[in-house]
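Data block below; observations after.
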Amino acid sequence: MKETGYIAKSAWKAFVEGLVARYRVYAPCRDGETVAFRRIQGKEEPCLDRPAAGAPKAALLPQSETLFGFVLKKDPVDPRKTEVELKAEIEEPPTVILCGRPCDARGFTIIDPVFLDADPYYRKRREGTTIITLACPTAYEGCFCTSVGGGPADKAASDVLVTELDQGYYVEPLTDKGREALKDAPLEEGAPHREEAEERQRKAFTRVKKAFPGGKDLKVSPERFESDRFWQEASAKCLSCGACTYLCPTCYCFNITDEQGVDTGERIRSWDACMFSHFTLEASGHNPRAQKWQRLKQRVGHKFVYYPEKYGEAACSGCGRCIRLCPVSVEISGIVAALAAPEEPHTKEAGADREEERATR
Amino acid sequence: MPDVGERELRIVGFLCNWCSYGGADTAGVGRFKQPTDLRIIRVPCSGRVDPLFVVKALLSGADGVLVSGCHPRDCHYSDGNFYARRRLEMLKRFLPFIGLDERRFHYTWISASEGQRWQQTVTAFTRQIHELGPLARAEEALSL
Amino acid sequence: MNAKKMKEALREALPSVDVVIAYGPGFDPLHAEPCFIKDAGRVDDLILNPLCEHNLAGYLTSQKGRTAVVVKGCDSRTVVQLLQEGLVEREKVHLIGVPCRGVVSAKKVMAAIGHEKVLSAVFEADSLVVTTGSGEKRLPLMEVCPDKCRSCQYPTPLIYDVLVDEPLAADKPPESVYEDVEVLEAASLEERKAYWEKETGRCIRCYACRNACPLCVCQDSCIAETRDPHWMSQKSTVSEKMMFHLIHALHLAGRCTECGECERACPMGIPLAKLKRKINKDLKDLFGYVPGTSPEDRPPLSTFRVDEERIEEHKLP
Amino acid sequence: MRVGVFICHCGNNIAGTVDVARVAEETRKLPGVVYATDYMYTCSEPGQAEITQAIKREGLNRVVVAACSPRMHEVTFRRTVEKAGLNRYLFEMANIREHCSWIGEDKEANTRKAIEAVRMAVAKAMRDRPLYSSSFAVNKRVLVIGAGVAGMQAALDCAEGGLETVVVEKSPSVGGMMARLDKTFPTIDCSICILGPKMVDLVQHERIRLHAYAEVEEVKGYVGNYQVKIRKKATYVDWTKCTGCGECMEKCPGKNAYDHFNCGVSPTKAINIPFPQAIPKKAKIDPQFCRQFTKGKCGVCAKVCPTKAIDYEMKDEIVTEEVGAIVVATGYGLLDQERLPEYGAGRYPDVITGIQYERLLNASGPTAGHIVRPSDGIEPKTVVFVSCAGSRDKSIGVPYCSNFCCMYIAKQAILTKDHLPDSQSYVFYMDVRATGKGYDEFTRRAQEEYGARYIRGRVSRIYPKGKKMVVRGADTLLGTQVEIEADLVVLATAATAAPGASMLAEKLHISYDTNGFYVESHPKLRPVETNTAGVYLAGAAQGPKDIPASVGQGSAAAAKVLSLLSKDMLESDPAIANVNTAACVGCLKCLKTCPFQAIKEETLRSGKKVASVIETVCAGCGVCTATCPCGAIQLQHFTDNQILAEVNALCRM
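Chains as they are written, first to last, in our numbering: chain A, 1147 to 1507; chain S, 2 to 145; chain B, 4 to 320; chain H, 2 to 654.
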């Protein structure tokens, strides 16, 4: 197969249908007021005109999943004896995540080191899933991928990168999984379109806000980070809901609960969030992170201090969801910028270019 | 046996201990024939019935829910059923809005002496639920 | 909206309050955000314009000291309800009332511009002009205002200590208040079922709706998460998600002041306010009760009349 | 969890239409159930022994009995498990008789229902927690509301039994309706002669405190510990000084006061002593008729009073009495004659009510016992009695029988003949109800010895014709219309609930029926108890009653009070609401909705405000639990989780 390919807009529909025929396909769809990832079927097409509200991480790390079910079997002769019969199967059809954005894909590179070896459920899905990413044509509200080593055409974790052009789509297969997914896709030669694609990718790149010095250059001021007052002010407006973490392509915290009926039950793993006070509530009633500022500190700290210490890079792909969809606009990039800028008084946090951006009102 | 046809459906009844549960007893003592679908949960007072119990039952497999308490003014706890009346009326009007047929939920007042009335209520309500048939469970969402 | 007068009022108030809750500029030109200040020096950082859509009254229950808060007409109903339920003390709040003809829903604007990064947002006459990387877009305010503004009956706060502008009279027809509810009521039972299963199916149980709700008093004790009582599991099935939203709606029955924060906060665009508005509509018919309009009232489900004029006994066929 | 389940055959009552063996078999399959068996008569002594043994043998920590209604035997079996060392709240009953085996012949369906009933009971039992009642001291004083014959009897018996007794009487004198009667049936002995001594005993008893001309204002508290606010209405006469000499009444120029005691047969004075035998025999002023009050000048009584007892400035006074039990004996009222327009009562002076006639007959009445027509003071020759004047008439909302009219009409017919030998009495009746001892004989004497003519039929109309009143009615036995020209017509107007009965019921948290009479807690087995612990009923307040029945109930109520207050401590029912202070957010919606004011606000050491339940006041209705948004206040034994467990056991299948 060719190095790169091209799908004319007229052929796009056929391409998607081809995928739907072979895979379980999750793609952004317009639902009511919003665009969200969901399974598409038949002749449905993904919605490309804006990033989905939630990240596609749920395809690999579901909101809730049954780890195993159990049946309590009574001994027919002696009712005093009960046996517990466990049932656990990880059956997942081959899956495609279609038209997620580079930041969505990059999220998996942050979850992988934590789950890939440790968790058979995640591994199974990860291996069975092909990620066909759509390069971002522009910057979106609150996004800052370039500050965390990504970009609108970042290839991390993607198996295929698709760049939308005037007449069609420029398609870059990146892995064998990707090539497999593209087999018998209506592909033309991509080379002629390469320049147009790269031009668009460059243009998009320049539009993305550089929120703070990214990667290795990110220096978080320890005294700022350990200042309670800093976090109290930063979190004053926070509602401590889970929107930011649940929308995040990289957050992976979970809770485990058992649900038992009369004689059957199941063990459930479901999303949990460090922003909830329950998250650290101990059986004794003591809560080491009872205050929301402690929890916000944990969230930011985990992404930009603790995780990097362990895995070398920030646990953030800069998708901006937690900013644009936060009910009260808690701006993580601004907080990090403030943490990274010791000389500035932190009251003027949130983005160097804020003043210029402010609308004339 | 009042004919309600085909297989049994799942009908949950919340009955207050002092009046309606007694009414059901009276009906039994009087050997008044009744359909057998209904399963009775005894509560002290209709005022104990949080509308959420009704919602919970309907969402987790019940095809119909019946709540019955003492007649207004006759509550053993003097006011319990007055609260119940307001809350259950609100619920009855709300259920159809989320696509649950309001006929699947009925609330009424039956005293300990009204065995006959209990029989008529159970029979009529059971028939109504059978006319509506089993309640379709929620479609599982495709969204992630 | 008179930002200057508001700032004066706040400067006056500051000595006598522990904190001021008002609006400051958000992370970009399209967003305002709740802003907490303690010293007069920062009053100039505050803003007041139609981007100030949040209901700041929601923060009152979690404030320890005396608090000055900026309230629009709709927000003031929340305060009234909180006072009525004894959840805040009148002496502990200083209300800066702001008459308002409607705000802008940043979510609607973002949807209109495909969530693209906003470079500037300028109000011109009755529209908002938004500039992004791919150009300029002119959005009529009526199209980007929250639904609640379209039928607003309370443009002027019902309760305040200072009013920073001339009071405004309601200019929307009262019968329009529950139009959205009536539309859905008119649909078939099956359509309504499908509608809510699809909408709530998107719920990610982030509880933004609950935490943003100024009248969700339980917060960390919410029965959606407790095991005792164990009303629901953490499974993400449609019926569990439905159950959660019904818990929220029923717990707000007769209390919801329709500020729309639940809907505004929802990242998945679920029309949550509609559930509560339906109940309010019915309770209005039943008891002529409108939440958040009188501090002396009693939530209709926490009281009763021996003879209920509007409730008729239901007969079975 | 080690649940034991006992499925009862109840002879054939259950086993006849339920496959009990299969129920037991299916039950054994339930997790948590370690023992399940079926038994012929579980409530029998051997049956209970079987449970006790099984608890020990199988080490059961929960017991479920599937049998009759818990309303029947829950108490029995709770005692059984308690004897075996298990907390009595670790027990559940599944009703597979009244709600199952007795509702149809379909054995298959009944058995299915029984199996699920047990499944639910087991699910709930597994969430039962041991509950312990706490005991509290009782106040050994009793309040009797109403000093008619029933109330007086109750008060005297209680006082004799050694209890401090407080009596509240609405009118200025004790005695009630009976004091108004001339003679009593079926013995024709003088009413006041047999009542008088009781009235004297009452005021003279060392353990009885009487509040006459007073009403209950507010009732707080609970069984064993009630606080009752009593409003002592202003009499404008200092009763500590008043000797009852009657001088004031003699000289009072205010002649047209309404005479309550004589039911308005004739007027009385603005300052008056209700009747000669009144107890206490004290004067009181009716301000609306007193010149001092209406015109602001007079003061005659003040001048003539030898003890200077008159006090025009007197105000109502509120006193609070603390008691452990309350007897409600507020008696009955009479149907307003205006509601019988076709009988012209109220409009025509010579159409009067039975009670007014009693006063005419009475030697101490306004006519000193001479029967005369109110209109012209002439002795009547023809007297017509109309029974069921309002009673048993749905159309005016009195569907019930007033119980004693048939009898007093017979009595009045007899007395009429005694007073006026050449008079003729007619009695219109629907049917004569004379079921008491010696009653039927009595009504026969009225007809056979005293020649009262009984006409079976309703009176359709009464209208004047010259000096006479024409009574038109039907004689359903002859099937003819009859018209009688009467000199005097006596209506046996229906007995109704006492005025204000419903208001008092609401203060006491007791229920009343559609006719306003108080409801006993069981029509047969608990006739003087109410559903509110510590509040008892006596006399016509519960429904129209004649004297012997009222007296009987007075004593019965007293007996109940005496047995209740014979204990120094009472045990509270532990199945009440309980607050999880960790979860409580202090919104206090529970406090606002509690029907018993059993919830108060409490501040924890942490400073957190929470709701807190007053154990002894909580009645266990669970309204608070249904109201609490965060499930922090839970009604024990009917917690959310217990009810949800039952729902899940049913629905999650």
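Virtual Cβ for every residue (Gly too), placed ideally from N, Cα, C. As the structure is a computational prediction, the values presented were derived from the model and not from experiment.
Cβ shell of residue i (< 7 angstroms), same chain only, five flanking positions each side left out
i	result
Pro545 of chain H	Tyr333, Ser403, Asn404, Phe405, Ala496
Leu605 of chain H	Thr582, Val611
Gln1187 of chain A	Val1166
Gly31 of chain S	Gly116
Interface partners of residue i on chain S, CB under 7 angstroms
i	result
Arg1184 of chain A	Leu143, Ser144, Leu145
Neighbouring residues, chain H, relative to residue i (Cβ below 9 angstroms)
i	result
Cys225 of chain B	Pro630, Cys631
Per-residue DSSP class, three states only, for residue i
i	result
Cys9 of chain H	strand
Phe15 of chain S	strand
Cys1175 of chain A	strand
Ser1463 of chain A	coil
Leu565 of chain H	helix
Lys1448 of chain A	Correcting the residue type first, residue 1448 of chain A is His in the shown sequence and not Lys. Of the three classes helix, strand and coil, the one that applies to His1448 of chain A here is helix, per DSSP.
Gly355 of chain H	helix
Gly1274 of chain A	coil
Asp1250 of chain A	helix
Tyr292 of chain B	coil
Met153 of chain H	helix
Amino acids of chain H, ordered along the chain, whose beta-carbon sits closer than 8 angstroms to that of residue i
i	result
Gln117 of chain S	Near Gln117 of chain S there are no residues of chain H at all, since even the closest Cβ is about 13 angstroms away, more than 8 angstroms.
Test: residue i CB closer than 8 angstroms to a CB of chain C
i	result
Gln129 of chain S	Checking the listed chains, one finds no chain C in this structure; the protein chains it contains are A, S, B and H.
Cβ separation of residue i and residue j, assumed to be a contact under 8 angstroms, to the nearest whole Å
i	j	result
Pro575 of chain H	Leu132 of chain H	4 angstroms
Ala1414 of chain A	Ser1210 of chain A	Here the sequence assigns Ile to residue 1414 of chain A, which means Ala is not the residue at that position. Ile1414 of chain A to Ser1210 of chain A, Cβ: 6 angstroms. Contact.
Ala110 of chain H	Asn96 of chain H	About 16 angstroms separates the two Cβ atoms, so there is no contact after all.
Pro1332 of chain A	Ala1160 of chain A	5 angstroms
Ser136 of chain H	Glu99 of chain H	No, Ser136 of chain H and Glu99 of chain H are not in contact; Cβ-Cβ is about 34 angstroms, not under 8 angstroms.
Lys281 of chain B	Phe95 of chain S	6 angstroms
Met121 of chain H	Leu651 of chain H	6 angstroms
Cut-off 6 angstroms between Cβ atoms - residues of its own chain near residue i, not counting five sequence neighbours on either side
i	result
Lys1203 of chain A	Gly1253, Pro1395
Arg29 of chain H	Ala37
Asn263 of chain H	Arg360, Pro367
Asp168 of chain B	Asn5, Pro102
Arg88 of chain S	Pro52
Same chain only: Cβ atoms within 8 angstroms of residue i, ignoring 5 sequence neighbours per side
i	result
Lys1356 of chain A	Phe1290, Thr1292, Ser1293
Thr1410 of chain A	Gly1215, Phe1216, Val1217, Leu1218
Arg1184 of chain A	Tyr1172, Ala1173, Cys1175, Asp1177
Ala560 of chain H	Asp158
Ala139 of chain S	Leu60
Neighbouring residues, chain B, relative to residue i (Cβ below 8 angstroms)
i	result
Asp80 of chain S	Phe307
Ala620 of chain H	Within chain B, no residue comes near Ala620 of chain H; the closest Cβ sits about 17 angstroms away, beyond 8 angstroms.
Proximal chain B residues relative to residue i, where beta-carbon distance stays under 9 angstroms
i	result
Asp641 of chain H	Ile226, Asp231, Pro232, His233, Trp234
Is there contact here, the stretch 633 to 651 of chain H with the stretch 118 to 133 of chain H, by at least three beta-carbon pairs under 8 angstroms?
-> When Cβ pairs closer than 8 angstroms are counted between the two stretches, the stretch 633 to 651 of chain H is seen to touch the stretch 118 to 133 of chain H, the count reaching three or more.
Would you check if there are 3 or more beta carbon pairs closer than 8 angstroms linking the stretch 1359 to 1370 of chain A to the stretch 1447 to 1467 of chain A?
-> yes
Evaluate the contact criterion for the stretch 153 to 161 of chain H versus the stretch 593 to 603 of chain H: three or more CB pairs, one atom per stretch, below 8 angstroms.
-> no
Inspect the CB distances between the stretch 238 to 256 of chain H and the stretch 292 to 306 of chain H and report whether three or more fall short of 8 angstroms.
-> yes
Does the count of Cβ pairs from the stretch 75 to 85 of chain B and the stretch 161 to 175 of chain B closer than 8 angstroms reach three?
-> yes
Stretch-stretch touch, CB-based, cutoff 8 angstroms, three pairs: the stretch 55 to 74 of chain H with the stretch 303 to 314 of chain B = no
Taking 8 angstroms as the threshold, find out whether the stretch 323 to 339 of chain H comes into contact with the stretch 506 to 526 of chain H through three or more Cβ pairs.
-> yes
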